[in-house]
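Just below is one structure, and these are the notes that go with it.
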């Protein structure tokens with residue numbers, strides 16, 4: 001979660017981001033050690049993994065049923081992408097609370113995840129809990145498609161099949177390694193959507209961003225195209241740490 005917090009802060013910062021270690025140190029100086037876990041309740045109770053993996057199983061059956069053929073890299077990618085909408089519907093309110101709790105500019109406004117949720121509903125209305133919904137769809141569809149498609153492709157490669165180790169521990173390590181590689185690949189692909197999602201959900205007061213494409217275009221225009229990959233390092237760390 002501390003890495004996830006750094007990731008969010010890197011996404012919404014319009015200036016130059018310091019290193020991950022420097023951002024962690026800054027957060028501790030600002031609010032103490034426990035402030036590294038701001039928004040952890042919202043992150044812990046969101047049904048993201050359930051929606052992602054159960055949704056992928058259902059999507060694979062749907063895609064294979066429609067095509068009438070065995071699963072391929074293309075259909076595995078398509079099935080993964082389809083899970084993004086259901087996942088976004090399930091997790092967006094939790095993501096809004098988490099992002100608001102983690103953004104530096106809101107650290108003095110919200111005292112806890114529950115206080116943050118109540119304040120958002122009271123001041124902005126219940127619909128505000130779905131700020132950035134379509135950006136979340138974009139992010140999830142792109143990442144899930146890339147992630148599950150890469151996993152399927154990697155498992156079909158001869159070098160990976162031939163290196164399959166014996167024993168539960170060896171197979172578990174093997175699967176984690178594939179997940180880390182696929183997670184890093186998916187992270188690189190989804191970054192512009194993730195940056196847009198964080199900025200849409202963090203903004204309060206002045207409305208700089210109205211939708212995903214407008215946000216991506218404005219960030220690229222004002223901060224440069226590479227700004228759409230702000231926070232790539234902590235985002236990759238967060239994904240890779242979550243694979244086990």
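Residue numbers (the working numbering): 1 to 244.
Note that the Cβ used here is the ideal one computed from N, Cα and C, for glycine as well.
Predicted, not measured: the structure shown is a model, and the values here were computed from it.
For residue i, three-class secondary structure by DSSP
i, result
"residue 98", "helix"
"residue 183", "helix"
"residue 106", "helix"
"residue 198", "helix"
"residue 244", "At residue 244, the pLDDT of 49 sits below 50, so the modelled position is not reliable; the number obtained from the coordinates is stated separately. Three-state DSSP puts residue 244 in coil, outside helix and strand."
"residue 129", "helix"
"residue 318", "There is no way to answer for residue 318, as the model of the chain reaches only from 1 to 244."
"residue 175", "helix"
"residue 211", "coil"
"residue 206", "coil"
"residue 190", "helix"
"residue 230", "coil"
"residue 71", "coil"
"residue 157", "coil"
"residue 84", "helix"
"residue 149", "helix"
Run of the alpha helix (DSSP H) containing residue i, from where it starts to where it stops
i, result
"residue 14", "Looking at the DSSP string, residue 14 is not in any alpha helix (DSSP H), and its letter there is neither H nor E."
"residue 117", "113-124"
"residue 261", "Beyond the ends of the chain as shown, which are 1 and 244, falls residue 261; an answer cannot be given."
"residue 41", "40-45"
Neighbourhood of residue i by C-beta distance below 8 Å, restricted to the same chain and skipping five residues each side
i, result
"residue 85", "137, 140 and 141"
"residue 128", "96, 120 and 121"
Beta-carbon contacts of residue i that lie in its chain and below 7 Å, excluding the five residues immediately before and after
i, result
"residue 223", "14"
Spatial neighbours of residue i in its chain, beta-carbon cut-off 6 Å, leaving aside the 5 residues before and after
i, result
"residue 212", "134, 135, 138 and 196"
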